[in-house]
Amino acid sequence: MSDVTTNERQIGWWQRWRAARERLSPVFGMNRRNVELVYAHNERRHYPIADDKILCKELFAEIGVPVAPTIAIGRGLFEVDAILELLRERESFVVKPASGSGGDGIVVVGERTESGWRTPKGREIAVHELRHHLANITFGSFSKEMEDRILVEERIVPHDLYNAFWPDGVCDLRIIVLRGRPLLSMVRVPTRRSGGRANLHQGGIGVAVDVASGLTYRAISRGELVDIHPESGELLIGRTLPEWRACVEVALAAASAVPLGYLGVDICVDHRWGPVILEINARPGLEIQNICGRTLGEALRGEALP
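Quick note, the sequence shown lines up with residues 152 to 457 if you use the numbering used here.
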């Protein structure tokens, strides 16, 4: 009996010590992020707003938060041919699965050809190939759902600075917002390794941004600190991002429009429209801490940049 009591005391002491250590530590791991940020500020019933690009976009468009213009929405296989007919004479557009993630299923079209279209990277897409891709989206091939919807948008043309970072893909901004307060921000820059996607896990470059000024101050490529893009040769740090104040205001407007207290807001700066929302994430990843060289705990405490 005494052994059980001793063990219980040891476990209780260890649990209290661990809780105290986590409160004092500025580092947020997955479990701590989930408990203290995601679960504490986001009700699960509101996740679909962030997970469905069409639902989210329609909400933002209704209240004037800037988004890329919508060309078409397909709600099932029966609408695929109608969408194709609408796109036949279009030079450029972007096709997305409404519930996709990580860039999966997104097709960017740059120009019309005799047999179909061509992507900005030069890949030919025949009409029958696009039909097959649209059908796969409705079958849920790029999402966790059994079925999905098709979103077709105007193609974003990035601001000159982002285009200089990497011309064969679209850089995006991520701003982490907690209850109306921007905490951390980074630019995700595509590479050849990432297939032109602004995805860090696929080989994209993360560039830290000072939330107060919009100045880039640190960049990481494949786990290594870099100053320039290893492929484009463009300087990544010490750059003041265009329309930064407007980007922060758009992120805060998007955050205030949804019933989520903690989220990542993804933005692209188009050279015609300015900042537009790409999507929001109710469970933003933690890699931004490594990119920024600053933890969520330090950002919450308002500690100065390193």
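By construction, the Cβ of each residue, glycine as well, lies at the ideal position given by its N, Cα and C atoms.
Q. Helix, strand or coil: how does DSSP classify Lys247 here?
A. strand
**Q.** 7 Å CB neighbourhood of Ser345 in its chain, flanking five on each side removed
**A.** Gln353, Gly354 and Gly355
**Q.** Own chain partners of Cys443 with C-beta closer than 6 Å, once the 5 adjacent residues on each side are dropped
**A.** Leu335 and Ala359
(Q) So, for Trp424: in the same chain, excluding its five sequence neighbours on each side, which residues have a beta-carbon less than 7 Å away from its beta-carbon? (A) Pro217
Q.
For Phe290 and Ala201, what's the separation of their Cα atoms in angstroms?
A. 21 Å
Q) Where Thr391 and Asp421 are concerned, what is the direct C-alpha to C-alpha distance, given to the nearest angstrom? A) 16 Å
Q: Count the other CB atoms, across all protein chains shown, that sit within 10 Å of the CB of Lys272; report buried if there are 16 or more and exposed otherwise.
A: exposed
Q.
For a minimum of 3 consecutive residues, which ranges assigned as the beta strand (DSSP E) are wholly contained in the segment 315-339?
A. 323-329
Q. Roughly how many angstroms separate the alpha carbons of Ala402 and Pro410, rounded to a whole number?
A. 14 Å
Q. Within this structure, are the beta carbons of Ile307 and Cys398 separated by less than 8 Å?
A. no
Q. For the segment 208-223 against the segment 434-443, are there 3 or more C-beta pairs whose distance is under 8 Å?
A. no
Q. Which residue spans inside the segment 362-390 form an unbroken alpha helix (DSSP H) run of at least 4?
A. none
Q.
Counting beta carbon pairs with one atom in the segment 243-252 and one in the segment 301-315, are three or more of them shorter than 8 Å?
A. yes
Q: Assess, as a yes-or-no matter, whether the segment 315-330 is touched by the segment 428-440 under the definition of 3 or more beta carbon pairs within less than 8 Å.
A: yes
Q. In angstroms, rounded to a whole number, what distance separates the CA positions of Met152 and Arg184?
A. Confidence in Met152 is poor, its pLDDT being 48 and thus under 50, which makes the residue's placement unreliable; the coordinate value appears in the next sentence. C-alpha separation (whole angstroms): 38 Å.
Q: Return the first residue and the last residue of the beta strand (DSSP E) that Glu430 is part of.
A: Gly425 to Asn432
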